[in-house]
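See structure below.
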Amino acid sequence: MNAIVNSPLFGILLSLMAFEAGVLISRKWKHTLLNPLLIANILIVGFLLLTGISFESYNVGGSYISVMLSPATVVLAVPLYRQLSKLTRYWKPILAGIFAGSLTSMACVIAVSKLIGLGDTLMLSLLPKSITIPMGSVVSEQIGGIPSITIIAITITGITGAVAAPAVCRFCRIKHKVAQGVAIGTASHALGTSKAMEMGEVQGAMSSLSIGVAGLFTAITAPLILAALS
Amino acid sequence: MRISLQFAIIVAICIAGEILHRIVGIPLPGNIIGMVLLLLLLCSKILKPEQISAVSNFFLSHLAFFFLPPSVAIMTVGDDVLSKWPLLLFLCIAFTLVTLAVGGFCTQFLIRRQEYREAMARRSAKTSKQGAER
């Protein structure tokens with residue numbers, strides 16, 4: 001049995017089955033809270049804890065999947081390239097808004113972490129939580145955070161954005177379609193963008209653009225901000 | 001382009017990003033440098049999006065799957081961190097709401113300011129033109 005559990009195929013099969021279950025569940029009930037990645041994560045962690053199989057055994061196969069993180073991040077250039085043409089008349093407000101949102105997200109994490117004494121590891125893990133998972137997990141690793149915490153924080157952030165974006169826009173009187181899209185993409189990456197696309201075409205396009213720009217901006221500034229503070 | 005060639009291009013870009021990070025010493029993660037390299041190739045029209053679409057579409061449409069094993073690594077994080085989950089959940093939600101509000105508010109404010117200035121510029125151009133006609 002050990003030989004099977006420690007074979008790469010075990011982790012790969014477990015990941016595929018859990019993810020497929022996650023996708024099926026989220027499609028069936030179509031609720032934003034039912035995120036495929038979160039469901040699959042809970043299924044695998046639950047399975048491993050129940051059977052007593054170690055994370056190391058699972059990750060023999062899991063690491064084969066993780067190798068693909070690098071190409072998965074690189075191809076994000078394709079949607080970013082397609083969206084860059086949307087930076088037309090309002091390119092200055094759009095870029096300034098994305099930078100303001102990204103800085104706000106990082107400033108909140110740093111200020112509150114220092115204030116309540118959350119500890120450096122958690123602060124660094126939460127710092128890139130508003131950007132898309134591929135970029136956020138490598139940024140977290142680079143600055144000394146724990147990527148698994150970052151990935152889950154990013155997912156929760158995305159779900160929050162998707163659920164709360166229309167209410168926040170109403171409450172703060174953010175009525176301009178471009179501004180709504182920028183807010184959603186900057187604060188809650190691809191998960192929020194699905195909601196932005198429901199709100200309208202302009203919001204969807206601006207949100208998609210903001211994902212890539214906010215990700216790049218955060219990747220570049222996060223280490224600089226940390227260096228400036230230390 | 002054949003899928004094997006498309007994939008080779010993407011992996012070569014990944015390795016180029018790693019080299020620029022580790023050997024040249026650019027202080028950005030290798031993956032992100034790779035993304036910027038691909039963006040530059042696309043913007044300079046050396047590479048067309050259609051030429052790598054099979055591989056890019058595959059990764060983009062199954063993006064979350066590749067992050068499943070790294071997310072399961074949460075099991076290996078100590079209980080001292082995991083026991084703080086209600087606080088972390090609250091912070092994630094609160095920070096997201098603030099970021100949404102500030103990002104949207106700033107963008108809207110700047111758009112309105114730009115529209116106002118453009119309207120003023122148009123009006124003054126109009127009046128000076130009328131003045132010249134008189």
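Going line by line, the protein sequences match chains A and Y.
Note that the working numbering numbers the first sequence so that position 179 is 179, with each residue one more than the last.
Note that the working numbering numbers the second sequence so that position 7 is 7, with each residue one more than the last.
Even for Gly, the Cβ is constructed at its ideal location relative to N, Cα and C.
**Message:** In this structure, how does DSSP classify V230 (chain A) when only helix, strand and coil are distinguished?
**Reply:** Reading off the sequence shown, one finds Ser at residue 230 (chain A), where the question assumed Val. Residue state, collapsed to three classes: coil.
**Request:** Pick helix, strand or coil for M123 (chain A), following the three-state DSSP scheme.
**Result:** helix
**Message:** I'd like the span of the alpha helix (DSSP H) that includes F7 (chain Y), first residue to last.
**Reply:** 3-19
**Residue-level contact to chain A via CB, S56 (chain Y), 8 Å cutoff** = Taking Cβ atoms only, chain A reaches closer than 8 Å to S56 (chain Y), which makes this a yes.
**Asked** alpha helix (DSSP H) containing Y90 (chain A): first to last residue?
**Response** Per DSSP, Y90 (chain A) belongs to no alpha helix (DSSP H) and is neither H nor E.
**Request:** Give the residues of chain Y in contact with S114 (chain A), contact being defined as C-beta atoms less than 7 Å apart.
**Result:** Checking the sequence, you will find Lys at residue 114 (chain A) rather than Ser. Within 7 Å of the CB of K114 (chain A), no CB atom of chain Y is found; the nearest one sits about 13 Å away.
**Request:** Say whether the segment 44-56 of chain Y touches the segment 22-32 of chain Y, bearing in mind that this needs 3 or more beta-carbon pairs closer than 8 Å, one atom from each stretch.
**Result:** Between the segment 44-56 of chain Y and the segment 22-32 of chain Y, the count of Cβ pairs shorter than 8 Å is below three; the stretches do not touch.
**Asked** In terms of alpha-carbon separation, which member of Y:P86, Y:I23, Y:P69 lies closest to G11 (chain A)?
**Response** Y:P69
**Prompt:** Would you report the Cα separation of I23 (chain Y) and L5 (chain Y), rounded to the nearest angstrom?
**Reply:** 26 Å
**C-beta neighbour in chain A for V81 (chain Y), strict 8 Å** = yes
**Asked** CA-CA distance, C14 (chain Y) and A111 (chain A)?
**Response** Computed Cα separation, rounded: 35 Å.
**Request:** For the segment 115-127 of chain A and the segment 86-102 of chain Y, state whether three or more C-beta atom pairs, one from each stretch, are separated by less than 8 Å.
**Result:** yes
**Item:** Endpoints, the alpha helix (DSSP H) within which V189 (chain A) is located
**Value:** Here residue 189 (chain A) turns out to be His, not Val, going by the sequence shown. H189 (chain A) -> alpha helix (DSSP H) spans 177-199.
**Item:** DSSP state of N6 (chain A) mapped onto helix, strand, coil
**Value:** Looking at N6 (chain A) - three-state DSSP - the assignment turns out to be coil, as it is neither helix nor strand.
**Item:** Boundaries of the alpha helix (DSSP H) in which V139 (chain A) is found, first to last residue
**Value:** 133-143
**Asked** Using the beta-carbon of each residue, which ones in chain A are nearer than 8 Å to P49 (chain Y)?
**Response** Within 8 Å of the CB of P49 (chain Y), the CB atoms of chain A belong to V78, Y81, R82, in sequence order along the chain.
**Prompt:** From I133 (chain A) to R113 (chain Y), what does the alpha carbon distance come to, in whole angstroms?
**Reply:** 34 Å
**Asked** In chain Y, which residues lie with their C-beta within 7 Å of the C-beta of F10 (chain A)?
**Response** Here the premise fails: no neighbours, minimum Cβ distance about 12 Å.
**Item:** Cβ-based neighbour list, V60 (chain A), same chain, cut-off 8 Å, excluding 5 preceding and 5 following
**Value:** When the five nearest sequence neighbours on each side are left out, the beta carbons in the same chain lying within less than 8 Å of the beta carbon of V60 (chain A) are those of N6, S7, P8, F10, G11, in order along the chain.
**Straight-line Cα distance separating L118 (chain A) from S71 (chain Y)** = 21 Å
**Asked** Do you know offhand how far Y81 (chain A)'s Cα is from A214 (chain A)'s?
**Response** CA-CA distance, Y81 (chain A) to A214 (chain A), rounds to 14 Å.
**Request:** Below 8 Å between beta carbons is the criterion; list the residues of the segment 18-29 of chain A that meet it against any residue of chain Y, in chain order.
**Result:** A18, F19
**Item:** Neighbouring residues, chain A, relative to I10 (chain Y) (Cβ below 8 Å)
**Value:** P71, V74, V75
**Asked** How is the alpha helix (DSSP H) around M35 (chain Y) delimited, first residue to last?
**Response** 30-43
**Prompt:** Are the segment 64-78 of chain A and the segment 93-111 of chain Y touching by the rule of at least three beta carbon pairs closer than 8 Å?
**Reply:** no
**Request:** Could you have a look at L49 (chain A) and say whether DSSP puts it in helix, strand or coil?
**Result:** helix
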